[in-house]
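A.B. asks: For the sequence shown, the positions run 939 to 1868 when this note's numbering is used. Quick reminder that beta carbons are idealized off the backbone N, C-alpha and C, glycines included.
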Amino acid sequence: STTAVARQELRNQSISIDVTIDAVPEAEHAQDAGCDAEVRDALVATKINGSPDQQQQSSAKSGTMTSPKSVRPAEGFGDEAASLMPPPSPTPRPSLVGGSSSPMFQAGSSPFLQPRGRNSSLSLSITRRTSILMALQQFDQDGSRAEFGDYLEEFLDDESLPCLVVSRLEKIPLKDFSSEVRANLDIERFLKEATLLLDLEGANIECIVEKMLQSIFRADQESHSSRDEADCSNWLDAKVQEAKKTLFLQASWLDYTYQRLAKTIKSISIIDNEGLITDNSWLCTMCSLNGVHKRHVAIARLASPVNLGRSSEGVYFVLLVVTPTKEKGTKSDIELGRTFATILADSDFRQRLLLAETEAEFKEMLQGHAQDLGEEQKIYRRKSLRTKDFMSQAFSYDSTWLLCNGIRADFKRRLPHYPSDFMDGLRGNATPRKVMSTITFLYFACLMPSIAFGVLNDNQTGGMITVQRVILSQSIAGIAFALLGGQPLIVMLTTAPLALYTRIIYDLSKEHKLDFFAFFGWVGLFNAFLLLLYSMFDLSKLMRWSTRSTEEIFALFISVAFTVDAFKSVYSNFKKFYCESATTGAGSVSNSTVDDALATTTTVLVTTTVAAAGGLSNVTEASAVAVAKVCHRDTSILFVLLCLGTVFLSMYLLNFTKTPYLNRAKRELITDFSLPVSVLVMSFFGTYLFRDVYQENFTCNRQLHLVFVIAQPLPWTAILGAFGLAIPLSMLFFMDQNISSAMVNCPTNKLRKGSAYHWDLMVVAIINGCLSCFGLPWVHGALPHSPLHVKALADLEERIDFGQHVHQTVVRVRETRVTGIVSSLLIGLSLLMCPLPLQFIPVPVLDGLFICMAITALIGNQLFERTLLLFTEQAAYPPSHFLRRVPQRKVHIFTCLQLLQVLVLCALGFNSIAYAKLGFPVILLLQMPV
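(1) Could you give the distance in angstroms between the alpha-carbon of residue 1487 and the alpha-carbon of residue 1674?
(2) Contact defined as beta carbons within less than 8 Å: I believe residue 1491 pairs with residue 1855. What is the distance between those atoms, to the nearest angstrom?
(3) Taking only three categories from DSSP, how would you classify residue 1202?
(4) How many Å lie between residue 1762 and residue 1356 at the Cα?
(5) So the candidates are 1196, 1122, 1114 and 1120; which of them puts its Cα closest to the Cα of residue 1142?
(6) Expressed to the nearest angstrom, what Euclidean distance is found between the alpha-carbon atoms of residue 1228 and residue 1178?
(7) Assign residue 1777 to buried or exposed, taking buried as 16 or more other Cβ atoms, counted over all protein chains shown, within 10 Å of its Cβ.
(8) Here's a check: name, in chain order, each residue in its chain whose Cβ is nearer than 7 Å to the Cβ of residue 1606, leaving out the five neighbours to either side.
(9) Cβ of residue 1224 within 8 Å of Cβ of residue 1204?
(10) Assuming residue 1642 and residue 1406 are in contact, meaning their beta carbons sit under 8 Å apart, how far apart are those beta carbons, in whole angstroms?
(11) Just the Cα atoms here: how many angstroms apart are residue 1067 and residue 1609?
(12) Does the region 1434 to 1454 touch the region 1630 to 1637, meaning 3 or more C-beta pairs lie closer than 8 Å?
(13) Using a Cβ-Cβ cutoff of less than 8 Å, which residues in the same chain neighbour residue 1313 once the five nearest sequence positions on both sides are dropped?
(14) Can you tell which of 1275, 1569, 1581 and 1574 has the C-alpha that lies nearest to the C-alpha of residue 1616?
(15) Expressed to the nearest angstrom, what Euclidean distance is found between the alpha-carbon atoms of residue 1388 and residue 1715?
(16) So the beta strand (DSSP E) residue 1243 belongs to, where does it begin and stop?
(17) Leaving out five residues on either side along the sequence, give the residues of the same chain with a beta carbon under 8 Å from the beta carbon of residue 1501.
(18) With H, G and I counted as helix, E and B as strand and the rest as coil, what does DSSP make of residue 972?
(19) What does DSSP give as the partner residues of residue 1363 in its beta bridges?
(20) With 16 other CB atoms within 10 Å as the buried threshold, where does residue 1828 fall?
(21) Tell me the DSSP secondary structure of residue 1065 in three-state form.
(22) Quick one: Cα of residue 1668 to Cα of residue 1476, how far?
(23) Quick one: which unbroken beta strand (DSSP E) runs of 3-plus residues sit fully inside the region 1457 to 1484? Chain order, please.
(24) What are the residues that DSSP puts in a beta bridge with residue 1118?
(25) Pairs of beta-carbons, one from the region 1340 to 1349 and one from the region 1714 to 1730, closer than 8 Å: are there three or more?
(26) State whether the region 1251 to 1271 contacts the region 1146 to 1157, with contact taken as three or more CB pairs (one from each stretch) at a distance under 8 Å.
(27) If you compare alpha carbons, which of 1570, 1575, 1621 and 1576 is closest to residue 1588?
(28) Would you kindly work out how many angstroms separate the C-alpha atoms of residue 1865 and residue 1413, rounded to a whole number?
(29) Buried or exposed for residue 1746, please, with buried defined as at least 16 other CB atoms from any protein chain shown within 10 angstroms of its CB.
(30) Under the assumption that residue 1419 contacts residue 1408 (Cβ atoms under 8 Å), give the Cβ distance between them as a whole number of angstroms.
(31) Can you give the Cα-Cα distance for residue 1525 and residue 1572, rounded to whole angstroms?
(32) By the 10 Å Cβ neighbour count, where 16 or more other Cβ atoms means buried, how is residue 1697 classified, buried or exposed?
(33) To which residues of the same chain is residue 1760 closer than 7 Å at the C-beta, ignoring the five residues directly before and after it?
(34) Taking the alpha-carbon of residue 1848 as reference, which of 1363, 1422 and 1503 has the nearest alpha-carbon?
(35) Using DSSP's beta-bridge definition, name the partner residues of residue 1750.
(36) Just the C-alpha distance for residue 1277 and residue 1150, rounded to the nearest angstrom, thanks.
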């Protein structure tokens, strides 16, 4: 007879097979039988059993295969959720021939099975399935032997074995019943609907879980009362089996079954004599199913402790959680299991639960302990450092002087760090690369808006405030604040609200026939005087009542303002060049354009770029709106392409660290230089590759005349009016500067050298007073440039919370003045590049840069994140802290109120009535305590 016995070794993933074959040559005759060296090494033992007569009698009998022997679990796999089902008795043995079994081969049907002198028993120990097949192929003599090889190959080619099991342990925090609103809601709801099984009998985890699943789905079964008894029984069995497949990780081989729970929660406690150990008296398992429409909780208290494996030797309580697959993060199976697992983690409370006699008493004890746990956690839980507390610490100083107490405190706080403000930009790992990339970023991020706002001021003031003046003002203010400011990471920049105030001053001076620069200078001087008073009387202390809501509202408004300015530019370009009437060629003229051109008396200076034989030559021609008479639809299309191309390329390079291309250092380098690379690439596309397409460029020249403007005569009534205009302007400066400072000094940025609200406000007042004397535009702390400056100098780290969501955190920030000084100096030197090559930067690239800044400012804005939740499926909600601590309805109501405040700011900021914009800083100031 032929007998094969296979045994699986789980420890080393090897297969040891003992094969006894009739008439197989001995080991010393293996070479004569055609066996190679590998097969001969596999023949580890040869024994002579019986005589040739006994062999013939044995060969006449049918071959049988013995049942597998018992297999012990491998070390490291026998835990609370692992079980190995015992095989049936080895007798009777399954037959391979005759009966109901399919015959594989019969004795005597092949010369291979005939006796050849002696009966040999060969024991083969093989670690690979292919090795046994190679060994058997050496003995293949005829078709019968081939059938045996096919059978053995199919027998060993089971995909379930050998298999790999991935185990991952993750530490999750206890549920905070004092702050996480979902914890108390889960307790109140599921204690009414939870399935309690007291004194449950069960010998293993599979039996216990099956009984709990039957109890859970029985309620759903009763809801389908229209079914007959057989259908209900089948439905219940199908649901239980489906849940078991999800709950258990199973592997089977022949009659053996290895299974363990796929997802569990346990607690780690401290024992006096043993130290930190895993609690072995309770177990929580969970799963998510497609066919489940609501969440289920079942708690089983076993009649006697059950040994479920290592670290679960005496389990008394089993908690089962079943949730729908599509469920939001705060209602997932892990979150619901964490709620009840936090309660069961208390060993003293588990002992009291063992004494509960009824389900009502059991539920009452659970609810009472949840309330006690909330009160205890409220007292002992660690409080995070909020922005309000951080502000209070920043403004805590001695008020011994009548004035300037805040200025003195800021000066004493920042003066010891002044030398390190320079050294920190030169030393440290990866600091030179970070500093160079930040300088390049600030250069483009400040120069491009300066050009854009310069063009805007040029158009609104009739050429009084030009691009050159804005660039010069940006350079002087940036260098002065980087050298003298308390917090050098704040970026000085002229903004859109300041451009609107400049327009109001120009309209008033034109209406009342006043000297614009003199009127502008007096408004700026009064504004600087009021800012000095604010800093001397420590009015920046009001920022302690400024909440994160105010910062988020203003930051979102700035993003909206950047986007609106970009789209206005696109719209004006289409209105000017994309004519609605049909055209016959590039030089076709539309009637509407001609009418508009005839009605226009302004002379337009246009610079066009044409191709010459030797390269590019710029031809500047002035004409009385002659060019505006021609429709250039290709100009408008190219305008949109360059704008969107700048946005796409900049955002793609900004997120290049998330791609698998190149190595980590090169990806970070590309990300750091994403903004300048996108500007240069798209400028090359627009200026050179599409040089045949007509484009408008901004005007810029090197001619700049500065005079002491306040020396010009001005009526006293105009001076008094300038003081009236300076009051709301100073409020705007106060809010913008302090909000920018608050966002830079946010606790999440982990700055170490302290803030300087009063000192910075005083420096801004002095800088703007000097700029006003020479008719240069005003500047103050700008958003989003200031927070982006901090982020550019920071080492960021991606972390994954227990909800599997990736978020970036700041590790450290290089607090240096080098970046602000060098970038501002380079901006000033850019005046030497007027008009060329600065005019090679197309206007749509500037607009695309505005949109990029707006999108980048939205990253990390909680208001924007909560706004997206209004349009997000609840199953995709992230497990954010505000969703854990505040009910969802209140979160949405608060978000809508914030959006309403943003709409009010937009209504004033984008109002067509110029004087209505004067109320913008007042409304912003009133929103501070909200």
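C.D. replies: To lay it out plainly:
(1) Here residue 1487 corresponds to residue number 549 of the sequence shown, with the count starting at 1. Here residue 1674 corresponds to residue number 736 of the sequence shown, with the count starting at 1. The straight-line gap from Cα to Cα measures roughly 15 Å.
(2) Taking the first residue of the sequence shown as position 1, residue 1491 is located at position 553. Taking the first residue of the sequence shown as position 1, residue 1855 is located at position 917. In fact, because the Cβ distance is near 17 Å, the residues do not count as touching under 8 Å.
(3) Reading the sequence shown from its first residue, position 264 is the one you call residue 1202. Looking at residue 1202 - three-state DSSP - the assignment turns out to be strand.
(4) In the sequence shown, the residue the question calls residue 1762 occupies position 824. In the sequence shown, the residue the question calls residue 1356 occupies position 418. One C-alpha to the other measures close to 19 Å.
(5) In the sequence shown, residue 1142 corresponds to position 204, counting from 1. Selected option, being the one with the closest Cα: 1196.
(6) Counting from one through the sequence shown, the residue named residue 1228 turns up at place 290. Counting from one through the sequence shown, the residue named residue 1178 turns up at place 240. Each residue's alpha carbon lies about 13 Å from the other.
(7) Taking the first residue of the sequence shown as 1, we reach residue 1777 at position 839. Buried, since its Cβ has 16 or more Cβ neighbours within 10 Å.
(8) Within the sequence shown, numbered from 1, the residue matching residue 1606 stands at position 668. Counting only Cβ-Cβ distances below 7 Å, and skipping sequence neighbours, we find 1595.
(9) Here residue 1224 corresponds to residue number 286 of the sequence shown, with the count starting at 1. Here residue 1204 corresponds to residue number 266 of the sequence shown, with the count starting at 1. Their beta carbons are not under 8 Å apart, which means residue 1224 does not touch residue 1204 by this criterion.
(10) The sequence position of residue 1642 within the sequence shown is 704, counting from 1. The sequence position of residue 1406 within the sequence shown is 468, counting from 1. With a Cβ gap of about 5 Å, residue 1642 and residue 1406 count as contacting.
(11) Within the sequence shown, residue 1067 is the residue found at index 129, counting from 1. Within the sequence shown, residue 1609 is the residue found at index 671, counting from 1. With a pLDDT of only 49 at residue 1067, under the threshold of 50, the placement of this residue in the model should not be trusted, and no figure is reported.
(12) no
(13) By 1-based counting over the sequence shown, the position of residue 1313 is 375. Cβ within range, chain order: 1116.
(14) Within the sequence shown, numbered from 1, the residue matching residue 1616 stands at position 678. When each option's Cα is compared against that of residue 1616, the closest is 1581.
(15) As a first step, residue 1388 must be located in the sequence shown, where it is residue number 450. As a first step, residue 1715 must be located in the sequence shown, where it is residue number 777. Residue 1388 and residue 1715 have their alpha carbons spaced roughly 10 Å apart.
(16) For the purposes of this step, residue 1243 is taken as the residue at position 305 of the sequence shown. Residue 1243 -> beta strand (DSSP E) spans 1234 to 1244.
(17) Your numbering for residue 1501 matches position 563 in the sequence shown. Excluding residues within five positions, the ones whose Cβ falls inside 8 Å are 1788, 1789 and 1792.
(18) Mapped onto the sequence shown, residue 972 falls at position 34. Residue placement at residue 972 cannot be trusted, given a pLDDT of 44 that sits under 50; what the coordinates show is reported in the next sentence. Coil, per DSSP.
(19) Within the sequence shown, numbered from 1, the residue matching residue 1363 stands at position 425. DSSP, once it has assigned bridges, lists no residue as partnering residue 1363.
(20) To locate residue 1828, count along the sequence shown from 1; it is residue 890. By the 10 Å Cβ count, residue 1828 comes out exposed.
(21) For the purposes of this step, residue 1065 is taken as the residue at position 127 of the sequence shown. Note on residue 1065: pLDDT 41, under 50, position unreliable in the model; the coordinate value appears next. Residue 1065 falls in the coil class under three-state DSSP.
(22) Here the question's residue 1668 lines up with position 730 in the sequence shown. Here the question's residue 1476 lines up with position 538 in the sequence shown. Cα to Cα, the separation comes out at about 15 Å.
(23) none
(24) Residue numbering aside, residue 1118 sits at position 180 when the sequence shown is read from its first letter. Residue pairing by DSSP places residue 1118 opposite no residue, since no beta bridge is assigned to it.
(25) no
(26) yes
(27) Counting from one through the sequence shown, the residue named residue 1588 turns up at place 650. Closest by C-alpha distance to residue 1588, out of 1570, 1575, 1621 and 1576, is 1621.
(28) Mapped onto the sequence shown, residue 1865 falls at position 927. Mapped onto the sequence shown, residue 1413 falls at position 475. Residue 1865 and residue 1413: Cα-Cα distance of roughly 32 Å.
(29) As a working note, residue 1746 is residue 808 in the sequence shown. Its Cβ having fewer than 16 others within 10 Å, residue 1746 is exposed.
(30) Against the sequence shown, residue 1419 aligns to sequence position 481. Against the sequence shown, residue 1408 aligns to sequence position 470. Separation of the CB atoms of residue 1419 and residue 1408 is rounded to 16 Å, and the pair is thereby denied contact status at 8 Å.
(31) What you label residue 1525 is simply residue 587 of the sequence shown in a count that begins at 1. What you label residue 1572 is simply residue 634 of the sequence shown in a count that begins at 1. In this predicted model, residue 1525 has a pLDDT of only 41, less than 50, meaning its place in the structure is not dependable enough to derive any value.
(32) Here residue 1697 refers to the residue found at position 759 of the sequence shown. Residue 1697 comes out buried.
(33) Taking the first residue of the sequence shown as position 1, residue 1760 is located at position 822. Correct list, in chain order: 1377.
(34) Within the sequence shown, residue 1848 is the residue found at index 910, counting from 1. Nearest of 1363, 1422 and 1503 to residue 1848, Cα basis: 1503.
(35) As a first step, residue 1750 must be located in the sequence shown, where it is residue number 812. Note: residue 1750 sits in a beta bridge opposite 1733.
(36) For the purposes of this step, residue 1277 is taken as the residue at position 339 of the sequence shown. For the purposes of this step, residue 1150 is taken as the residue at position 212 of the sequence shown. Their backbone Cα atoms lie some 19 Å apart in a straight line.
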